[in-house]
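Take a look at the structure below.
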Amino acid sequence: MDKIARKIINLPKRLLVEEPLNLYSGVRGMFRDSHKRAGLPPGQPFYTGVRTDIPFSISVFSYSATDIIEKENISIEELKALSDSEKYLWVNIEGIHHVDEVKSICDFYEIHPLTMEDILSVEQRPQIDESENYLFIALKMLQFDQENRKTLGEQVSFILRENMVITFQEKKGDTFEAVRVRLRAGKGRIRNGGSDYLLYALIDTVVDNYFVVLEKFGDELEEIEERIMLEGRKRDFSMLYELKREMIHIRRSVWPLREVVSKLERDDIKLVKKSTRVYIRDVYDHTIQAIDSVETYRDFISSLSDLYQSVISNKLNEVMKTLTILSAIFIPLTFIAGVYGINFENVPEFSWDYGYAYFWGLIIVVGGLTGLIFKIKRWI
Amino acid sequence: MDKIARKIINLPKRLLVEEPLNLYSGVRGMFRDSHKRAGLPPGQPFYTGVRTDIPFSISVFSYSATDIIEKENISIEELKALSDSEKYLWVNIEGIHHVDEVKSICDFYEIHPLTMEDILSVEQRPQIDESENYLFIALKMLQFDQENRKTLGEQVSFILRENMVITFQEKKGDTFEAVRVRLRAGKGRIRNGGSDYLLYALIDTVVDNYFVVLEKFGDELEEIEERIMLEGRKRDFSMLYELKREMIHIRRSVWPLREVVSKLERDDIKLVKKSTRVYIRDVYDHTIQAIDSVETYRDFISSLSDLYQSVISNKLNEVMKTLTILSAIFIPLTFIAGVYGINFENVPEFSWDYGYAYFWGLIIVVGGLTGLIFKIKRWI
Amino acid sequence: MDKIARKIINLPKRLLVEEPLNLYSGVRGMFRDSHKRAGLPPGQPFYTGVRTDIPFSISVFSYSATDIIEKENISIEELKALSDSEKYLWVNIEGIHHVDEVKSICDFYEIHPLTMEDILSVEQRPQIDESENYLFIALKMLQFDQENRKTLGEQVSFILRENMVITFQEKKGDTFEAVRVRLRAGKGRIRNGGSDYLLYALIDTVVDNYFVVLEKFGDELEEIEERIMLEGRKRDFSMLYELKREMIHIRRSVWPLREVVSKLERDDIKLVKKSTRVYIRDVYDHTIQAIDSVETYRDFISSLSDLYQSVISNKLNEVMKTLTILSAIFIPLTFIAGVYGINFENVPEFSWDYGYAYFWGLIIVVGGLTGLIFKIKRWI
Amino acid sequence: MDKIARKIINLPKRLLVEEPLNLYSGVRGMFRDSHKRAGLPPGQPFYTGVRTDIPFSISVFSYSATDIIEKENISIEELKALSDSEKYLWVNIEGIHHVDEVKSICDFYEIHPLTMEDILSVEQRPQIDESENYLFIALKMLQFDQENRKTLGEQVSFILRENMVITFQEKKGDTFEAVRVRLRAGKGRIRNGGSDYLLYALIDTVVDNYFVVLEKFGDELEEIEERIMLEGRKRDFSMLYELKREMIHIRRSVWPLREVVSKLERDDIKLVKKSTRVYIRDVYDHTIQAIDSVETYRDFISSLSDLYQSVISNKLNEVMKTLTILSAIFIPLTFIAGVYGINFENVPEFSWDYGYAYFWGLIIVVGGLTGLIFKIKRWI
Amino acid sequence: MDKIARKIINLPKRLLVEEPLNLYSGVRGMFRDSHKRAGLPPGQPFYTGVRTDIPFSISVFSYSATDIIEKENISIEELKALSDSEKYLWVNIEGIHHVDEVKSICDFYEIHPLTMEDILSVEQRPQIDESENYLFIALKMLQFDQENRKTLGEQVSFILRENMVITFQEKKGDTFEAVRVRLRAGKGRIRNGGSDYLLYALIDTVVDNYFVVLEKFGDELEEIEERIMLEGRKRDFSMLYELKREMIHIRRSVWPLREVVSKLERDDIKLVKKSTRVYIRDVYDHTIQAIDSVETYRDFISSLSDLYQSVISNKLNEVMKTLTILSAIFIPLTFIAGVYGINFENVPEFSWDYGYAYFWGLIIVVGGLTGLIFKIKRWI
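Residue numbers (the numbering used here), protein chains in the order written: chain A, 1 to 380; chain B, 1001 to 1380; chain C, 2001 to 2380; chain D, 3001 to 3380; chain E, 4001 to 4380.
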């Protein structure tokens, strides 16, 4: 699309500089290469995300109430060695497009091939699944990209085993940094709450990030509202449309979360201790709050669309009125002028002494009357 | 936004003099500073409202069926001393942005950190939570600000313990004054109904205030309806839009209340006596009524939007019709006048004896015919 | 609003002669004076309707299978005397804005203050409430006011006690006249069916009246449909809007009724005999039918709105097309006439022998061509 | 409505030749004469349909697995005589506006007055009701009237007793002819399946007719779609509106059927044998399919409305564009011609040698430039 | 429809070259010839699809964990012979419009006539039905026709018996090819998972194909979005409309699938082993995902409609503004020129020395002022 075309239709720059594909990714990614995958046997490892050059990395926290060991970028063998320890273990894996490494880890921890497939299908709905010896949870992590002013989504998968949490991330991210800081500090329940409490702390962090995204979203909505009220220009609707699209995206991440957390809280999941459940109840309340706000924002966006339409049709009305008033005043006058431009021989007015004055008098009287009518009709 | 810009787009003054942020507060406040809070350990005291300069104040009613003591502005130590008494106690706390004081009181009464966090997160959904030794309820208190003609919301939290009610308010308010008057008078069940009855009386007062707000809202709606019918001007839609926005706000406060009161009535909550339940059932009915009206108002607002659109498009139609009739009558006449302004040498009409009379005759006949056609088409 | 203003905006008379307040009463009445009531102790007698000068009146039917006594306008003392009798009793009370009298009766029959409050709050949702020794039902009675062509609503409350029915009405009305006639005649089950059967007969009469209202409503809808199809004038939409508003009103009365009657039929209410339940089931079916029709009418109204919009935009299209065709034909012709009005010295056409004929030939050719193009484009 | 008025608003003939009342009958018939019926005691025989001159007729099939007797137009006495037989009996009654005859039959078979009232109230919702010794079902029978191209509805009531089915129809109809043919032929289960199987066969026939109606409906929808795509004329929307209205009608008949058939299949109805249930399950699936299609058609109609609106507003756009382009080209040219029509004495251009050529040159240059601008803006 | 008509209304070629019937087939096919079928006894074999010339063909896989025999185009007798074997059997039947052959097979395997009717009614809703000795499932198979760029649907029916799966297809297709390849290779559970696992594998393949279709659908949606943003032409809405229609089609196939798979997983179906259920759970998750995406696409389409409307009305606004500005500038100027074309005798300006210059000065001043006003109003 060249610059001229864009200018003619006044598209906001923000809408065009990014490739549209990214915006849809939450929806379409799920089907990426699905024509290749169709018919493959189940449990086949197949990464469905966009391949990046992020290296594969494993980082580990091995901790008990009293001490803590932190290791970064260890190899799979080192990881396996660590797993025998008596301590609680948190394994964080980044760069899951390295399918072979992920498979090797999953095999070691006896994770079912179908679960592994779910970990690699990064555009899934948030879900929870309890197996005999582990609990699997997949969530969407939302983040607001300050620079491009758009929302990014990433899948995070959690495996909760006896005394162990494994997290799978697509990219390097600092979302869990807050948990790491608390682990290192060792205050509160974080170190002696067990692996289920760590799981809670991680999920809580993810949900907290939703609030950050929604805060930004609210800012944008407010900005756009003010713009529409002020001018109601074409690009405002394009921006509104884009927010609508992002909202659809966010909804798909937040709504299924309720089910996941609710299952985690209510069901008789043996890996989650009763003492942790009161905290999960808190996450559940936060999730409801996020859903509530998403729905409220939807209502706002819909009201804003109506407002925009009303602003636009009011503008059209004003334009038409201007044209009509102007035409209505000048059309009769032009007609009169036309009449006295005729070339008949015996037009008596032409030879009147005050013919020209009479002409202008006529013009003023007719023009004044038209104006008066509009005044009475309250058009002007 | 300068005055000229405002004038051009005819925004109602009311919409602009207040900062838009306040209107959104019900939705966005929840996320205020959420980028700071993200990742904090749970149960951290963090006030999420707008910080004001209201001083922290504790007022206490210590009463039994026979006598009553009322104290204002007591210190936390005095409060602690009072708590040993055999009497019923109502502690009202105002200015909860004084986080330390609130924390100190919560600790003294063994309130769970997560509950305390909920008390301080003043933009939560209304909720109810039963703990081992207390019952926690958070509601929205709505009030109509007569001066600025808008609805204000504030969170009120209730803690019901054995023989004791604690209420937490953001600001000083006179909503509970009616209950105080009844306590002082000591008539009815208010003094010997127990703490659960006091809780009921306080919640009832909050719900009664919803009705006051909805009464005002109905007044505004009626006013706006009459305006649209009369004129259908641009600013009417802006006002309608604003009402829509307030309605979204009110809905978010009222709907979850149903769940809260319903739980209070139905569940086997040990702190609420059976004799009090018949009164809570009454509050429940009021809540349903409030919800019912909110939904009805929504329907009205939506009908009004349609009416406005129809008024506007009728106006456009009328404008266009006026223009068309005027043009249709004068365009042929102007053409005729133009024809006889030509400078050809041998135009026979020019030298006719009654050429000028013939010209006017033609004008009148053509003009009359056009008028007749419009008459038949019922355009005029 | 003066007559001129009304004329300009063409409002239907019907919409303006009545005060808008009445139309809203179903919604807003509930909040009438709610700023006065807020904070009052529960069970306070407070009439919420519009105060009229209808006198307070008690009329009584005391009957058994074999004989019947009918008394009108008796005093409260006489009523109390009658209550000891072995016969079935139907007490009908009109003019409940006489709060003291109502209170005196309620106290005598040991009706709970909260129930009394509900009787006097005449804008409540239809409800049913079972107490230890009586059953309370509140319904909306709808009536079509033939003269003003609008729907009126009134609350009727029923108290069913052992061998006794008390009915509370706001105004004098002849709705129950049919039941009175049947009582006097003494045919059918009416006299020996017990008080629960009488209650059924009274409710059945109320529901039958809904059908009368809906019949009228359907007539109006049909009339308006024909009008829109014929002309699609501005006032049609105003009438449609008004029907929409009335429909909202009716819906609020009819929907909750389902719940009330369903409870009456299904629940284990000890005051209602099993033999009466088959009749209540019949009322229930009628209620469902009424709801069904209300929803269908809603669909029709919404379809009619669409139709109206389509008629209006078709009209605009036609107007614009007329203008465009007219302009398109005359604009080039006027231009040609203008060209030959120029005063250049050496315009060869001016001195041609058949200059004037040539001029008219040109006009006819150009005009004909424009017409031909429109013919091909199927615009004319 | 005279022919001229109709022509002006271009109403489709089909919409006007029939009285609108018929179309509404599905909704309004229910309330026909409801002002007369209001207050009548329950179980009063009152025919609510349109009275026709169809004679009352009873036809009977008395059959067993081995032989079959068919009688038409028998009297009520003959019918009573037949009822003692050991054989299965199917009594078909047509012309139920003959209230007395219907009442006499109902009394003979001990049918409850309320059920009889339901049989005569021919505009009821489809329903099922189990009494002690019979099962009552009321359905809507839909038929497509080929000539007037509209859907007709009629109520059919079924009474299932031990070894006996009674059907009540408003008019003579050939819907059940297919069942009669199968009965006479005696193949399949029809003769030895028992009365419940016969009931199934009859209901199945009714549901099969829905499919015929929906097939026709789909044809109309397709036709209208093509028309809108081709032209988008005013009458297309009127037809669409009419289809919408018919769809509302059909929905009201089909939706409640699901409940009826589902009850018939699932509930423990003693008159229906287990072996028949697998067939009723099949009818249930058909009903779901009909509902499914009705909802899909609704979606289509709504999409078509949008399409129509879009076609119309595109047309308006095109009209406006034509006008604008034409005006934009000629307005400046006419101005130039006007300028050189002035009568000032010293206009140098007038006496130029190539004044006239210059004039035309100017016209061509200005006209060409305007055209070029539109070319660049892609308007032409 | 001839080429000229098409050109005038600018219909996209794609919409017209195909017969509209095909697009509707998903909805209307169900009713094809329903007027012929109405009243037929149940369980009558009647093929409801479009008759093609595809030959009837049976292909068989007879396999155990260790060996496998594959046969194509065998006769019914050969099939019957194979059925005695101890091995697992998969019978795939193509061309079910050969009703007699299908009937013969169904009879041999003791399939109930109603089930056979369902197999042949190829436009049914997806369904599952458990009989005494087999399980019947009917699904829709969606495929994207690359050439015509549209979605094709076909019904596939599955019969699961002890050690046996029978599949019925309308046409020859390569959808199951992937399963055949896996069977031949014999890796994974496919050969020793039993017949229920094979059933799972086949259903999984069908669901995988939905994702391929949805991927294509997303591509189209994206393309159309870009087009609307760039130009918003008429044919874009036609394409959007077509996508809407296809979406309705797809929804009808995908939604009921959830119920089918859910029943397969949850219910106590004896033919499905517990070990297979974990795989069916996986298919269930995929189905939910497909539904989720379908709903999301619906939201997108609806947003796109709004966007298109907004683009169109912005365009109209722009056109009107251009016209108004142009008219507003030239109308007064043309009036002035007209004035000085009058033929009065004593117009003083005519004989002024600088009369002509004065004229042009006037023109420029008036034109400039008009331009300035528009500049201030920000119209230009």
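We treat Cβ as the ideally placed atom computed from N, Cα and C, and that holds for glycine.
Three-way DSSP call (helix, strand, coil) for residue i in this model
i, result
"Thr4334 (chain E)", "helix"
"Arg1191 (chain B)", "coil"
"Tyr1109 (chain B)", "coil"
"Tyr3063 (chain D)", "strand"
"Asp174 (chain A)", "coil"
Residue i at chain D interface by Cβ criterion, 7 Å
i, result
"Asn4022 (chain E)", "Because the pLDDT of Asn4022 (chain E) is 34, which lies under 50, any placement of that residue in the model is unreliable, and the number read from its coordinates should be weighed accordingly. With 7 Å as the cut-off, Asn4022 (chain E) does not count as an interface residue toward chain D."
"Lys3964 (chain E)", "Residue 3964 (chain E) is absent from the model: chain E starts at 4001 and stops at 4380."
7 Å Cβ cut-off: residues of chain D touching residue i
i, result
"Met4320 (chain E)", "Met3320"
"Leu2307 (chain C)", "Tyr3241"
Interface residues of chain B facing residue i [CB-CB closer than 7 Å]
i, result
"Ser2351 (chain C)", "Glu1345"
Minimum Cβ-Cβ distance from residue i to chain B less than 7 Å
i, result
"Asp282 (chain A)", "yes"
"Ser195 (chain A)", "no"
"Ser310 (chain A)", "yes"
"Thr2167 (chain C)", "no"
"Phe2374 (chain C)", "no"
"Asn73 (chain A)", "no"
7 Å Cβ cutoff, residue i in contact with chain A
i, result
"Tyr1340 (chain B)", "yes"
"Tyr4279 (chain E)", "yes"
"Ser1025 (chain B)", "Caution applies to Ser1025 (chain B), whose pLDDT of 41 falls short of 50 and renders its modelled position unreliable; the value that the coordinates give is listed next. It does not: the Cβ of Ser1025 (chain B) has no partner Cβ on chain A nearer than 7 Å."
"Pro1042 (chain B)", "yes"
"Arg1258 (chain B)", "no"
"Ala1201 (chain B)", "no"
Below-7 Å beta-carbon distance, residue i vs any chain E residue
i, result
"Ile3093 (chain D)", "no"
"Ser3313 (chain D)", "yes"
Interface partners of residue i on chain E, CB under 8 Å
i, result
"Ser3327 (chain D)", "Leu4323, Leu4326, Ser4327"
Cutoff 7 Å: residue i Cβ touching any chain C Cβ
i, result
"Thr3066 (chain D)", "no"
Residues bridged to residue i (per DSSP)
i, result
"Val1294 (chain B)", "DSSP lists no partner for Val1294 (chain B)."
"Trp2090 (chain C)", "C:Phe2061, C:Val2165"
Amino acids of chain C, ordered along the chain, whose beta-carbon sits closer than 8 Å to that of residue i
i, result
"Asn1317 (chain B)", "Ile2312, Lys2315, Leu2316, Val2319"
- Message: Against chain E, which members of the segment 3284 to 3305 of chain D pass a CB distance test of less than 8 Å?
- Response: Asp3285, Ile3288, Gln3289, Asp3292, Ser3293, Thr3296, Tyr3297, Asp3299, Phe3300, Ser3303
- Task: May I ask you to list, following chain order, the residues of the segment 2120 to 2143 of chain C that have a beta carbon less than 7 Å from some beta carbon of chain B?
- Result: Gln2124, Arg2125, Gln2127
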